[in-house]
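Trainee: Going from the sequence shown to the numbering used here is simple: count from 1 and add 522. By construction, the Cβ of each residue, glycine as well, lies at the ideal position given by its N, Cα and C atoms. Note that this is a predicted model, so its numbers are computed, not measured.
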Amino acid sequence: MLDRFPPLDVFLAHNSPWDVHERDKDIHQGFEAFRNYIERVQPRYFFHGHQHVNETMVMGKTQVVGVYGETELDLDID
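(1) Run the CB neighbour count on Thr584, radius 10 Å, all protein chains shown included, and call it buried at 16 or more, exposed below.
(2) Between Pro528, Ser538 and Thr578, which has its C-alpha nearest Gly571's C-alpha?
(3) Along the chain, where does the alpha helix (DSSP H) containing Phe615 start, and where does it finish?
(4) Please state the DSSP three-state secondary structure of Thr593.
(5) Between the C-alpha atoms of Ile599 and Val589, what's the straight-line distance to the nearest angstrom?
(6) What number of angstroms, rounded off, separates the C-alpha of Arg576 from the C-alpha of Val587?
(7) Would you mind stating whether Ala555 and Met581 have Cβ atoms separated by less than 8 Å?
(8) Let's test the definition: count the other Cβ atoms within 10 Å of the Cβ of Gln573 and tell me whether it reaches 16, buried, or not, exposed.
Okay, here's the thing in structure tokens:
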């Protein structure tokens, strides 16, 4: 699905990658295409909502950030 999507430093999406920040196994499942993109491209940051969590995890070189409500971030972008 995202095979031709260009490389990014920052990816902003509504939903999370598959098996990341999932709260249950129905409407709050992440997308496999996002996970595949992160594994292939390794963007610096991947931000998502939908799961209503404020959590960060690392996948390879990518910081996956779940954002809920208001969040202030200081990004290290060249």
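Mentor: Taking the geometry as given:
(1) For the purposes of this step, residue 584 is taken as the residue at position 62 of the sequence shown. By the 10 Å Cβ count, Thr584 comes out buried.
(2) For the purposes of this step, residue 571 is taken as the residue at position 49 of the sequence shown. Nearest option by C-alpha distance: Ser538.
(3) No information on residue 615 is available, as it lies outside the stretch 523 to 600 that the chain covers here.
(4) As a working mapping, residue 593 is identified with position 71 in the sequence shown. Correct three-state label for Thr593: coil.
(5) In the sequence shown, the residue the question calls residue 599 occupies position 77. In the sequence shown, the residue the question calls residue 589 occupies position 67. Ile599 and Val589: Cα-Cα distance of roughly 19 Å.
(6) In the sequence shown, the residue the question calls residue 576 occupies position 54. In the sequence shown, the residue the question calls residue 587 occupies position 65. The residue asked about is misnamed: residue 576 is Asn in this sequence, not Arg. Rounded to the nearest whole angstrom, the C-alpha separation of Asn576 and Val587 is 7 Å.
(7) Residue mapping note: residue 555 aligns to position 33 of the sequence shown, counting from 1. Residue mapping note: residue 581 aligns to position 59 of the sequence shown, counting from 1. No, these two residues do not count as a Cβ contact at 8 Å.
(8) Within the sequence shown, numbered from 1, the residue matching residue 573 stands at position 51. Buried.
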